[in-house]
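Protein chains in written order, with full-length UniProt numbering: chain A, 1 to 286; chain B, 1 to 286.
2 protein chains.
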Amino acid sequence: MLDKTKRYLIVGLGLLGGKYALELSKAGFHVDGINRSEGHLQYALDHGYIASGKTHDFEDLVSQADHIIFGLYPTALIDWFKTYGHLIKPGCIFTDVSGVKTGLVEPVQAMCPEGVEFIASHPMAGRETSSVEHAAEVSFAPANFIITPTEKNTPEAVQWAKELAEVLGFRHICTLTVQEHDKMIGYVSQLCHAIAVSLMCANDNSSLCEYTGDSFRDLTRIARINEKMWAELFLWNKENLIAEIDQFDSALDQLRDALVADDRDKLEEMFRLSTQRRAAFDKKDS
Amino acid sequence: MLDKTKRYLIVGLGLLGGKYALELSKAGFHVDGINRSEGHLQYALDHGYIASGKTHDFEDLVSQADHIIFGLYPTALIDWFKTYGHLIKPGCIFTDVSGVKTGLVEPVQAMCPEGVEFIASHPMAGRETSSVEHAAEVSFAPANFIITPTEKNTPEAVQWAKELAEVLGFRHICTLTVQEHDKMIGYVSQLCHAIAVSLMCANDNSSLCEYTGDSFRDLTRIARINEKMWAELFLWNKENLIAEIDQFDSALDQLRDALVADDRDKLEEMFRLSTQRRAAFDKKDS
């Protein structure tokens, strides 16, 4: 069980950082916060998500922390670490919430002061909304929590991340390598968003609003997107995402070729395959 | 209001044909049925969806009908009509449920005996399930009913189709030309299905089941597909569907190019556009 005498620090009180603060405070941990904007910091204070917090001159909060959670985009995390990373005290184990790991985990681990350990993790619980004001709406129970240890990590840090996830309410906790994680996320999340966005951008379909049924709405729900965050995530994982787009594109090309050739057998074969594979997913649901 | 002394005949007691029979019988109309398989005909009889029905030697049912609803695929409808169309009596107004209209409406209207009128329509209420045994689960209230009149149609027939849709429980009833309908359906329905199928076929993703979140599930829900029906619908509307695939593909290409070029501005621009357009849909919902 996580040690309740340890001091937690959340850097970046956004949607996920805010939710971590809320859950940890509720569970009885001491949680401080650092946030760039005064308004959201005040919100977190007013709602008891954090015990204390600062927007600047926060060196004391950093050097007192036993555990830090970075609720920042990868680029911001690396910038922050270059400036303040040296303040982190020996023995501190910290994690992040970032949706991509390649290009982030290795440099940050390399920058860690002696005795400080970065164990990366990804709570797969994004939403269309952002900001701490929506943090309470986030539900961790049905989401995956993925820990991505490297050869630099100790079993103790991995164990800490697992127990953290349990305290936060996750029920599906697993570990993947950095590479496995980013390949998986390129397919199950980023490719889906790329498709939904392209579908909306392909056509000024506003005149078709009244005819759309469930299929179109299902496919485009995730086309409402936080553009700063997703541009960041896409670019940080571009090799994987491009490979997934190409693989998808080649399947769509096959379907198009079958149409051009009036190849009913090929179409039916693809439909049977997709039905079969999708049915396997539904089985996992129940 | 629809005349309750008229005799209705449903040809093809599948999911939609069965639902039409059920709703019309419930509303007090006399409904007969013709179906190829004995089992489903018996189901419709046992559940009171039809007053009487036949699998063959059904010439009398055809020539007695004042209104016919064809619950058949386009190819089957045309074949049936070539063989039995001459039996339909003068004054009969009939419709279909087909998801594509080009290539169907004109030839069938051309084959109509003197005094017989075909007013085409499309109840946009498909489901992953098929067969009359699931007919009762179909919900028409939230779905669109689209009537596609041509210059051959009379205002009386269009009015009949509207009143039929009302009796069936549709609340969104509109008219489009055959060309408008097929272009719209190529985009809001068929392209979505082509994408979902391609996404499932692109990758043997069974090992990723445990990591999939809502986005992947939303995008692939419609990848469970009745392969016979959808091969038929895709091929009957192939010009429109190919054009939509190409337009979508070019948007996805733009996104891919932006990734390759590290063009964050272009990505953010596409994300803003998709967010804006998708938000307009949600407004229509509420």
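Ideal placement from N, C-alpha and C gives every residue a C-beta, glycine not left out.
| Asked | Found |
| --- | --- |
| Which listed residue (ILE119/B, LEU87/B, ALA231/B) has its alpha carbon closest to that of PRO113/B | LEU87/B |
| Pair within 8 angstroms by beta-carbon distance, GLN194/A and ILE245/A | For clarity, residue 194/A is Ala in the given sequence; the question names Gln instead. Cβ atoms of ALA194/A and ILE245/A: closer than 8 angstroms. |
| Contact check, ALA141/A vs GLY169/A, beta carbons under 8 angstroms | yes |
| Between the CA atoms of LYS4/B and VAL197/A - distance to the nearest angstrom | 49 angstroms |
| Short Cβ contact (8 angstroms threshold) for ALA44/B with GLY18/B | yes |
| Close Cβ partners of GLY103/B (< 8 angstroms) along its chain, the five nearest in sequence each way excluded | PRO74, TRP236 |
| Other residues of its chain near ASN240/A: CB distance less than 7 angstroms, five sequence neighbours each side excluded | ASP182, LYS183, GLY186 |
| Beta carbon proximity, ARG171/B to chain A, threshold 8 angstroms | no |
| DSSP beta-bridge partners of GLU117/B | ILE93/B |
| Residues within the stretch 68-89 of chain A neighbouring chain B, beta-carbon criterion of under 7 angstroms | none |
| Three-state class that DSSP yields for VAL11/A in the structure shown | strand |
| Residues near ALA27/A by beta carbon distance below 6 angstroms, same chain, minus five either side | VAL167 |
| Classification of GLN190/B by the beta-carbon crowding that lies within 10 angstroms, buried from 16 upward | buried |
| Same chain, Cβ closer than 7 angstroms to ALA161/A, five either side skipped, listed in chain order | THR95, ILE119, SER121, ILE147 |
| Buried versus exposed call for ARG272/A [16 or more other C-beta atoms within 10 Å across all chains shown] | exposed |
| Beta-carbon proximity list for LYS115/A, same chain, < 7 angstroms, skipping 5 on both sides | Checking the sequence, you will find Gly at residue 115/A rather than Lys. Within the same chain, GLY115/A has close Cβ partners PRO90, GLY91. |
| Best match in ASP257/B, SER250/B, ARG217/B, ASP265/B for proximity to TRP230/A [C-alpha to C-alpha] | ASP265/B |
| Residue-level contact to chain A via CB, ARG7/B, 8 angstroms cutoff | no |
| Sequence-distant residues of the same chain with beta carbon closer than 6 angstroms to HIS172/A, five excluded per side | ASN144 |
| TRP80/A: CB within 7 angstroms of a non-hydrogen atom of the ligand SAM | Among the components of this structure there are no ligands whatsoever, and the ligand SAM is therefore not found. |
| Validate contact between the stretch 52-59 of chain B and the stretch 67-82 of chain B using beta carbons, cut 8 angstroms, 3 pairs | no |
| Secondary structure of PHE70/A, DSSP reduced to three states | strand |
| is_contact[SER206/B, chain A] using C-beta, thresh 8 angstroms | yes |
| Alpha-carbon spacing of GLY12/A relative to ARG36/A, whole angstroms | 7 angstroms |
| Given TYR49/B as reference, the closest of PHE216/B, ILE10/B, GLU59/B once Cα atoms are compared | ILE10/B |
| Local Cβ density within 10 Å of SER286/B, reported as buried at 16 or more and exposed below that | Note that SER286/B scores 43 on pLDDT, short of 50, meaning its location in the model is unreliable and no value can be drawn from it. |
| HIS40/B to GLY33/B span [Cα, whole Å] | 10 angstroms |
| Proximity test, Cβ basis, 8 angstroms: PHE271/B and chain A | yes |
| Close beta carbons around LEU219/B, own chain, < 8 angstroms, minus the five adjacent residues each side | ILE195, ALA196, LEU199 |
| Under the three-state DSSP convention, the category VAL31/A falls into | strand |
| Rounded straight-line distance, which links the Cα of ALA280/B to that of residue 355/B | Nothing about residue 355/B can be read from this structure; chain B reaches only from 1 to 286. |
| For HIS56/B, the residue or residues it bridges with in DSSP | Partner(s): none; HIS56/B has no beta bridge. |
| Simplified DSSP assignment, three categories, for THR175/A | strand |
| Min CB distance GLY186/B to chain A below 8 angstroms | no |
| Below-8 angstroms beta-carbon distance, ARG277/B vs any chain A residue | yes |
| For HIS122/A: DSSP bridge partner residues | ILE146/A |
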